[in-house]
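Asks: Numbering (the working numbering), first residue to last: 116 to 503.
Every residue, glycine too, gets a C-beta built ideally from N, C-alpha and C.
Quick one: this structure, given as structure tokens, is what I'll be asking you about.
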């Protein structure tokens, strides 16, 4: 034994990175970019991003008609851009409070300001977005869950069929939670007004104000669960065939059950997504720049204007050509947006499976499969028992 030789019949192999990370959960998050870059998931993300873009631009048909009037899509871009800039400035200045306020404003002040400017358009767009995007998210989550947990690729048509069959749960989960939070908030506001604004009753209201504080705690927990857990709702449907109520309960329970771990995992996913999307954006910008430079090398100002997709001041033929070129360039940008959507839902799906294992001790390989309906089940490949 002192010679350092292994006993007879025992083969010693060098330690690998997989051996060192086998019992850890967070390294599984590093698989998300590969899962998101699958053509079927990227394509579904592109379709979701395109649908969202069309929905946001739909109110432009009846807004911005007057001189100097702002279109609905421009207002959306301005408000979102201002919020994102505020978050970036806060991060750049090292001010967590400023970044937090700007991020919170994206989900509170920005929608409120948009509703104040375009009440009808905001409601129409919100209803359409809440009815369409969760279905695409469910399809992406389903495809990601089957590959991550079972190591198998399924046709995108099958994933989309699953999402359409589960559309009610996918749509009603976030809508139901939002309506519940809104109802509790309005109830608290109405009760406080009735008990604190009227003479004599305000004494009773002051005595009962402790109950209002308890309701406020519930609202804070629900808002925290909504912020951290709403992306997990499609994953709950995709992995466990949960209904709307069950998917909300699971998402909130997993996030509130392991809040620090949920925040840490979200930060890992956000940093990873930021790096991937920055590289993808650089590739898109380089592609457009190099293509425009090469295509317009021998042309004059008119050709360069067409290649830039700007038809102002040109003849009808040149304007048409510029519009078509602009459409192709927009397609490249939409592909980048599709990647962002795919990263979002794939990351949420992996996060859901990891948090489920932490809270419920349920293996990541345990997902619902439609074997009982007569469809073929997906077998677990050897050696993939529980890689997370």
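Taking DSSP as the reference, what is the three-state secondary structure of residue 484?
Replies: Correct three-state label for residue 484: coil.
Asks: Between the beta-carbon of residue 241 and the beta-carbon of residue 194, is there less than 8 Å?
Replies: Not in contact: residue 241 and residue 194 (Cβ atoms no closer than 8 Å).
Asks: Considering only the alpha carbon of each residue, which of 327, 336, 283 and 258 lies closest to residue 296?
Replies: With distances taken between Cα atoms, residue 296 lies closest to 336.
Asks: Compute the Euclidean distance between the alpha carbons of residue 139 and residue 147, then round it to the nearest angstrom.
Replies: Those two C-alpha atoms are separated by around 16 Å.
Asks: Between the Cα of residue 190 and those of 231, 467 and 482, spot the shortest distance and give me the residue it belongs to.
Replies: The shortest C-alpha separation from residue 190 is found at 231.
Asks: Given a cut-off of 8 Å, decide if residue 347 and residue 244 are closer than it, judged by their beta-carbon atoms.
Replies: Going by C-beta atoms, residue 244 is not nearer than 8 Å to residue 347.
Asks: In this structure, how does DSSP classify residue 223 when only helix, strand and coil are distinguished?
Replies: DSSP places residue 223 in coil when its eight states are reduced to three.
Asks: Count the other C-beta atoms from every protein chain shown that fall within 10 angstroms of the C-beta of residue 405, then say buried if there are 16 or more, exposed otherwise.
Replies: Exposed, since its Cβ has fewer than 16 Cβ neighbours within 10 Å.
Asks: Which of helix, strand or coil does DSSP assign to residue 406?
Replies: In the structure shown, residue 406 sits in a helix (DSSP, three-state: H, G or I).
Asks: For residue 353 versus residue 246, is the C-beta spacing smaller than 8 Å?
Replies: Against a cut-off of 8 Å, the Cβ pair of residue 246 and residue 353 comes out as no contact.
Asks: With a cut-off of 8 Å on the beta carbons, I'd call residue 470 and residue 151 a contact; round off their distance for me.
Replies: Not a contact, Cβ separation roughly 19 Å.
Asks: Who are the near neighbours of residue 256 in its chain, counting only those whose CB is closer than 6 Å to its CB and skipping five residues on each side?
Replies: Excluding positions up to five away in sequence, the list reads 349, 350, 353, 460 and 464.
Asks: Runs of 4 residues minimum, wholly inside the stretch 168–233: which ones carry the alpha helix (DSSP H) assignment?
Replies: Whole alpha helix (DSSP H) segments, 4+ residues: 187–207, 211–222 and 224–232.
Asks: Any contact between the stretch 444–453 and the stretch 152–163? By contact I mean 3 or more CB pairs, one from each, below 8 Å.
Replies: Touching, yes.
Asks: What's the gap between the Cα of residue 276 and the Cα of residue 251?
Replies: Taking the straight line joining both Cα atoms gives about 10 Å.
Asks: Take the Cβ of residue 249 as the centre, count every other Cβ of all protein chains shown within 10 Å, and call the residue buried at 16 or more, exposed below.
Replies: Classification of residue 249: buried, given that the 10 Å Cβ count is 16 or more.
Asks: Round the Cβ separation of residue 281 and residue 258 to the nearest angstrom and send it over; I've been treating them as touching at under 8 Å.
Replies: Actually they are not in contact, since the Cβ atoms of residue 281 and residue 258 sit about 13 Å apart, beyond 8 Å.
Asks: Do you know offhand how far residue 238's Cα is from residue 360's?
Replies: Going from the Cα of residue 238 to the Cα of residue 360 covers about 24 Å.
Asks: Judging by CA-CA distance, which residue of 400, 458, 312 and 398 is the nearest neighbour of residue 383?
Replies: For the residues 400, 458, 312 and 398, the minimum Cα distance to residue 383 belongs to 458.
Asks: So what does DSSP say about residue 335, is it helix, strand or coil?
Replies: Three-state DSSP puts residue 335 in a helix.
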